[in-house]
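Under this note's numbering, think of the first position of the sequence shown as 59, with each following residue one higher.
Where a beta carbon is used, it is the ideal one built from N, C-alpha and C, also for glycine.
Below is one structure, written out as structure tokens, with a few remarks after it.
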Amino acid sequence: MQRLKSLDPADAPSKSAELLGDIIERRGSAGPMVSAMANSPALLQGYLDLSRAMKRAKLPRALGEKISLALQEWIGCALCLQAHTQAARAAGLGDNDIALARQGTSTDRREAALIAYAVRVLAEPSSIGDEDVAELRRHGWSGRHIADTVGLVSLNLLTGSFNLVAGLEPAPAEQSTKEKHDHVG
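Structural data, given as structure tokens:
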């Protein structure tokens with residue numbers, strides 16, 4: 059059951075109304091998550107800014123989706139899992155890659171190291187030390203990759219947590235893919 063009301067621009071605080079209007083103009087609709095985030099202009103602005111910024115991350119799209127799947131499995135957001143599964147398929151990932159990602163791993167050892175690091179950043183960031191970062195570097199990950207992963211963790215924690223608190227769940231199967239989730243960027 060949805061616990062936070064989805065707002066239309068006419069019902070939203072002025073800054074949220076402006077942001078929603080821009081999104082609707084570009085995409086045709088804002089979607090349930092963004093519409094519910096409109097209850098807080100600060101949250102909506104922060105989400106949109108972080109989402110747009112993370113589109114410039116140095117991580118390949120397929121790997122970013124694997125990381126997001128691992129994180130959302132841990133967070134427990136069914137709406138985000140659905141959206142990231144669809145995005146993973148669009149990025150060329152098959153069922154095995156998706157299943158492994160949801161388990162926090164990959165057949166590629168280099169990717170598996172970064173996915174495991176992302177889950178640790180989410181679950182126990184204080185446990186990460188010098189050796190962990192050195193290990194990531196031995197796998198060929200740069201400081202930018204390591205930092206971008208923290209940004210991706212932050213974005214997934216924001217969306218997953220918000221959807222859970224707001225009571226947003228996957229749409230019934232007969233609705234269109236566009237209406238199911240609305241990670242906007």
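Non-local beta-carbon contacts of LYS116 in its own chain, meaning distances under 8 angstroms to residues more than five positions away in sequence, involve SER200, ARG202, HIS203, ASP206 in chain order. Annotated as proximal: GLN130 and GLY218, with beta-carbon spacing under 8 angstroms. Secondary structure note for CYS138: its alpha helix (DSSP H) is the uninterrupted segment 136 to 148.
In this structure PRO230 is exposed. Its beta-carbon is surrounded by fewer than 16 other beta-carbon atoms within 10 angstroms.
Assignment of beta strand (DSSP E) within the stretch 103 to 140, counting only whole runs of 3 or more residues, yields no such run. Around the Cβ of ARG160, a 10 Å sphere holds 16 or more other Cβ atoms; the residue is buried. Across the set GLU193, ALA181, GLU83, the C-alpha of GLU193 shows the shortest separation from the C-alpha of ALA170. Judged by DSSP secondary structure, ASP155 falls within the alpha helix (DSSP H) whose first and last residues are 153 to 160.
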